[in-house]
Amino acid sequence: MIIILNSLENNDLLTILKKRKSIFILLLAISLIACESEIKKEENLDNLQKDELNSEVDFHEFMDLVLDQFGRNYGDKILYIEYKPIEKPIPRRFKSFILGKQELSEDEKSLAIQLIENGGTAFEFDQENLNKESRLILSNSEKEGNENVKYVFKSFLGNKNGDMVISTLGIFLNNESYNGKTAGEELIVFFKKENGEWKISNHFTTIEY
């Protein structure tokens, strides 16, 4: 009789343990599903914010500003412009460098870190959407010589308020006589909207060639 009772008790214990294990697995599965759902929700929200900004801001305008400010130095040379987006336009090793730059505002630093962590917002580039002045200096119709300058934009990202944008680009001086690039630099440029007008608020060089 004692043996039978012990056997019954063991069976009851095993049943309880199995039930507890099943409950634990069920709770774990629910927790994982909830976490996955939250991650997707955050990703969708981030993409939505980028899409909303993309619909409000025309990134061609920032190309115009760059050409206006930096193109003056190369006005006599043949100029080209390209848009070649890359997934991670700023290497992570520049994170501490950016955070340590005293001339940058906290908002500018925050936007730069977002670009490092998440990448930029893609858009459809069309040279015809640049302003009249940009199209004129890019026409190159009356320019001659072996030297040309190429502006290669690699990323754009705006903040949630829609009043600040960061861009990364390279400016390369090429000499056809030497079959390739002779000099250049990689830039990070910040744009800020003040009184309804976009302006370059800050810029600095990360790499020189």
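With the working numbering, the residue at position 40 of the sequence shown is 706, and numbering never jumps. Positions of the beta carbon are idealized from the N, C-alpha and C atoms, including for glycine.
Considering Cα atoms alone, identify which of the options is closest to residue i.
i, options, result
"Y749", "L804, F819, T787 and L770", "F819"
"I747", "D730, K859, I691 and K767", "D730"
"R759", "I779, L745 and S771", "I779"
"E851", "T834, E860, K858 and E772", "T834"
"Y875", "I696, F728, Q768 and A849", "A849"
On the premise that residue j lies in contact with residue i, defined as a C-beta separation below 8 angstroms, what is that separation, rounded to the nearest angstrom?
i, j, result
"T787", "G811", "The Cβ separation is near 36 angstroms, so there is no contact."
"P755", "L781", "6 angstroms"
"H726", "L796", "5 angstroms"
"F789", "K816", "Incorrect: roughly 20 angstroms between the Cβ atoms, too far for contact."
"N784", "N814", "Contact flag wrong, Cβ pair sits at about 34 angstroms."
Only counting the same chain, and skipping five residues up and downstream in sequence, which positions put a Cβ closer than 7 angstroms to that of residue i?
i, result
"L777", "L823, N825, M830 and I832"
Tell me whether residue i is buried or exposed, calling it buried when 16 or more other Cβ atoms sit within 10 Å of its Cβ.
i, result
"G836", "buried"
"E863", "exposed"
"S762", "exposed"
"L765", "exposed"
"I873", "exposed"
Any heavy atom of the ligand COA closer than 6 angstroms to the CB of residue i?
i, result
"I744", "This structure lacks the ligand COA, and indeed carries no ligand of any kind."
Against chain E, with Cβ distances strictly below 7 angstroms, would residue i count as a contact?
i, result
"E851", "Any reference to chain E falls outside this structure, which holds one protein chain only."
Go through its chain and collect everything with a Cβ distance to residue i's Cβ below 6 angstroms, but skip five positions before and after it.
i, result
"I752", "K820"
"E842", "N812"
"F856", "E774, I832, S867 and N868"
"K859", "D829"
"D744", "Note on identity: in this sequence residue 744 is Ile, with Asp being the wrong assignment. Excluding sequence neighbours, I744 sits near N806, K809 and N814."
Which residues in the same chain as residue i place their Cβ atom closer than 8 angstroms to its Cβ, once the five residues preceding and following it in sequence are excluded?
i, result
"F728", "F822, V831, S833, V855, F857 and W864"
"E794", "R801"
Can at least three beta-carbon pairs, one atom from the region 794 to 807 and one from the region 734 to 745, be found at a separation below 8 angstroms? In this structure the region 794 to 807 touches the region 734 to 745; the number of beta carbon pairs closer than 8 angstroms is three or more.
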